[in-house]
Amino acid sequence: MAGLTLERVNKRFGSTQVIDDVSMQIDNGEFIVFVGPSGCGKSTLLRLIAGLESITHGDLMIDDQRVNNLTPPERGIGMVFQSYALYPHMSVYDNIAFGLKLAKQDKQTVDERVRQTAKILQLDGLLERLPKALSGGQRQRVAIGRAMAREPKILLFDEPLSNLDAALRVQTRNEIARLHERLGSTMIYVTHDQVEAMTLADRIVVLNAGHVEQIGTPRELYERPASRFVAGFIGSPKMNFIQVTAEADAEQGCRVEIPAVGQRTLPLALSAGSTSEATLGVRPEHLIPPPARAAMGWKSSTSSTSAAKPTSIWNAMTASCWYAAPRPQARSGAASG
Ligand SMILES: Nc1ncnc2c1ncn2[C@@H]1O[C@H](COP(=O)(O)OP(=O)(O)OP(=O)(O)O)[C@@H](O)[C@H]1O
Ligand SMILES: [Mg+2]
Numbered sequence: 005m006a007g008l009t010l011e012r013v014n015k016r017f018g019s020t021q022v023i024d025d026v027s028m029q030i031d032n033g034e035f036i037v038f039v040g041p042s043g044c045g046k047s048t049l050l051r052l053i054a055g056l057e058s059i060t061h062g063d064l065m066i067d068d069q070r071v072n073n074l075t076p077p078e079r080g081i082g083m084v085f086q087s088y089a090l091y092p093h094m095s096v097y098d099n100i101a102f103g104l105k106l107a108k109q110d111k112q113t114v115d116e117r118v119r120q121t122a123k124i125l126q127l128d129g130l131l132e133r134l135p136k137a138l139s140g141g142q143r144q145r146v147a148i149g150r151a152m153a154r155e156p157k158i159l160l161f162d163e164p165l166s167n168l169d170a171a172l173r174v175q176t177r178n179e180i181a182r183l184h185e186r187l188g189s190t191m192i193y194v195t196h197d198q199v200e201a202m203t204l205a206d207r208i209v210v211l212n213a214g215h216v217e218q219i220g221t222p223r224e225l226y227e228r229p230a231s232r233f234v235a236g237f238i239g240s241p242k243m244n245f246i247q248v249t250a251e252a253d254a255e256q257g258c259r260v261e262i263p264a265v266g267q268r269t270l271p272l273a274l275s276a277g278s279t280s281e282a283t284l285g286v287r288p289e290h291l292i293p294p295p296a297r298a299a300m301g302w303k304s305s306t307s308s309t310s311a312a313k314p315t316s317i318w319n320a321m322t323a324s325c326w327y328a329a330p331r332p333q334a335r336s337g338a339a340s341g
C-alpha cells in the first residue's frame, strides 16, 4: 500500500498540452476514479503515474519518494488495460507468473503467488487453460491477476470492464470492489460509466481538457458541483440548466427570476446586494410535474394552492438540488452552490 502525490504534473506531446498542471493527493488504500470526456487525458494521466510516459514537468511522489525517473517496475505499480493484452500462447498460470519470472523470483515464490492470486480471483480451476478458452470476464480476471501477482503498492485500471457485456460488467465490478476491500491497496480506476464511478469510488477526480475540475466524494460532486462542467457531467440523466436573473436577498438567500415561471426565493448564497445573470441547475429527479404532485397527495402541503399550476414544479426543488453559476460574460455577483 502506498499514497501518491501529484504536484503540478504537466504532459506535452510536441506542442500539445495534454495534462495541464494536475495536482492531487491520494491516500493509502483509497479507491480513486478518474472520469471525464473522451480525450481529456485520463489514460495519459494513468500512464504518467505508471511510468509508461515521461512527465514533461511537475513531480510524482509515491509515499515520500519522487519517482519521476523510476521505471514502471521500480515504482511498484500494476496496471490493467481495457484490452486484456494477455499472451495468447501462454496458459493462465504462465500469464499470471510472467511478471514474477521477469522479476527473477524463485520458482517456489512464483508458484505460491500464482496460486494465491488465482484463488482470490477464482481462477484456480482454470490455470492450465489458454486465454482463447476463457470468457471475457475470466480473461479480465487473468489480466487483473497478472497485475496483482507482483503485489504492487498501487493498482491502476484503465476502463477494465468496457469490453464486457452488461451483466458481466456488474459482476466484475463487484469483484473489483471486493478485491479492494480484501487487499486494501491504493487503486486508481478510469471509467466512462457513471454507475461504476459512483459506486466504486472513495473519491472521484473529474478531468476536463487536461485539468482537474473537481475532486470529491461521489456525494460531494453530485450535491455540490464546483463548476457548471461538473454539474453537467456527473449525473444520468443530466442536470437541467435554465438561464435566470439572480439577486441576493440577505435573509433568505436569493431571489431568482425564472423566464415563464416568475420569481422564486432559493436558499442560495449570492454576494450581498449583487444582481447577476446566472445559470440555475435542477436535477431531473427534483422536478415533479403538478399532476404527479396531486396524485402523490401533496395537496395538503403549504404550497397546495400552487400545486395545480405549471409553475409549481419549482416548489418541489430542495436545497440540495440546484446549482447556480454566473454566465461567462457576467463575472460579478457569482452565485455558488
Ligand atoms: N502519444 C501521443 N501523441 C500525441 N498525442 C497523444 C498521445 N497520446 C494521447 N494523445 C492525445 O492526448 C489527449 C488525451 O488522450 P487520452 O488517451 O489520455 O484521453 P482519454 O481521456 O483517456 O480518452 P478516452 O476516454 O477516449 O480513452 C488526446 O487528445 C490524444 O489525442
Ligand atoms: Mg483512455
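Count along the sequence shown from 1, add 4, and you get the number used in the working numbering. C-beta atoms are modelled at their ideal positions from N, C-alpha and C, and glycine is treated no differently.
Residue i and residue j look like a contact to me (Cβ under 8 Å); what is the Cβ gap, rounded to whole Å?
i: Arg177; j: Leu165; result: 6 Å
i: Pro92; j: Lys157; result: With a Cβ gap of about 29 Å, Pro92 and Lys157 do not count as contacting.
i: Ile192; j: Phe38; result: 7 Å
i: Leu225; j: Gly45; result: Not really, about 18 Å apart at Cβ, beyond 8 Å.
i: Val260; j: Ile36; result: The pair is not a contact, with the Cβ atoms about 36 Å apart (cut-off 8 Å).
i: Arg16; j: Gly62; result: Actually they are not in contact, since the Cβ atoms of Arg16 and Gly62 sit about 11 Å apart, beyond 8 Å.
i: Asn32; j: Thr60; result: About 27 Å; that fails the 8 Å criterion.
i: Ile30; j: Gly55; result: That belief does not hold up - the Cβ atoms of Ile30 and Gly55 are roughly 16 Å apart, past 8 Å.
i: Glu217; j: Ala230; result: 7 Å
Residue i: which of the options sits nearest, CA to CA?
i: Asp67; options: Arg79, Ile59, Glu57 and Asn73; result: Arg79
i: Ile23; options: Leu49, Leu225, Gly55 and Val118; result: Leu49
i: Met243; options: Phe233, Ala252 and Ala250; result: Phe233
i: Asn73; options: Asp110, Ser189, Ile53 and Arg173; result: Ile53
i: Tyr88; options: Gly140, Leu131, Ala170 and Gln198; result: Gly140
i: Ser27; options: Val37, Leu10, Ser19 and Val39; result: Leu10
i: Gln144; options: Lys108, Ile100, Arg12 and Val114; result: Ile100
i: Leu159; options: Leu183, Arg207, Gly239 and Ile262; result: Leu183
i: Met83; options: Gly18, Phe161, Phe102 and Gln267; result: Phe161
Can you tell me whether residue i is buried or exposed, with buried defined as 16 or more other CB within 10 angstroms of its CB?
i: Ser189; result: buried
i: Gly43; result: exposed
i: Leu127; result: buried
i: Leu90; result: buried
i: Glu116; result: exposed
i: Glu163; result: buried
i: Leu125; result: buried
i: Ala264; result: exposed
i: Ser58; result: exposed
Look at the alpha carbon of residue i and the alpha carbon of residue j, and state the distance between them as a whole number of angstroms.
i: Ala170; j: Val199; result: 12 Å
i: Thr249; j: Leu270; result: 12 Å
i: Asn167; j: Leu204; result: 18 Å
i: Ile219; j: Glu132; result: 43 Å
i: Leu104; j: Gly285; result: 52 Å
i: Val118; j: Gln142; result: 15 Å
i: Val194; j: Ile81; result: 15 Å
i: Ala282; j: Gln247; result: 6 Å
i: Phe85; j: Pro222; result: 24 Å
i: Arg186; j: Ala252; result: 50 Å
i: Asp98; j: Leu138; result: 15 Å
i: Gly239; j: Lys108; result: 47 Å
i: Arg70; j: Leu64; result: 6 Å
i: Pro41; j: Gly236; result: 11 Å
Counting only runs of 3+ residues fully inside the region 61-111, write out the beta strand (DSSP E) ranges in chain order.
-> 61-66 and 81-84
Within the region 192-238, note down every full beta strand (DSSP E) run reaching 3 residues or more, in order along the chain.
-> 207-212 and 215-220
Can you list the beta strand (DSSP E) stretches of 3 or more residues lying completely in the region 126-205, in chain order?
-> 158-162 and 190-194
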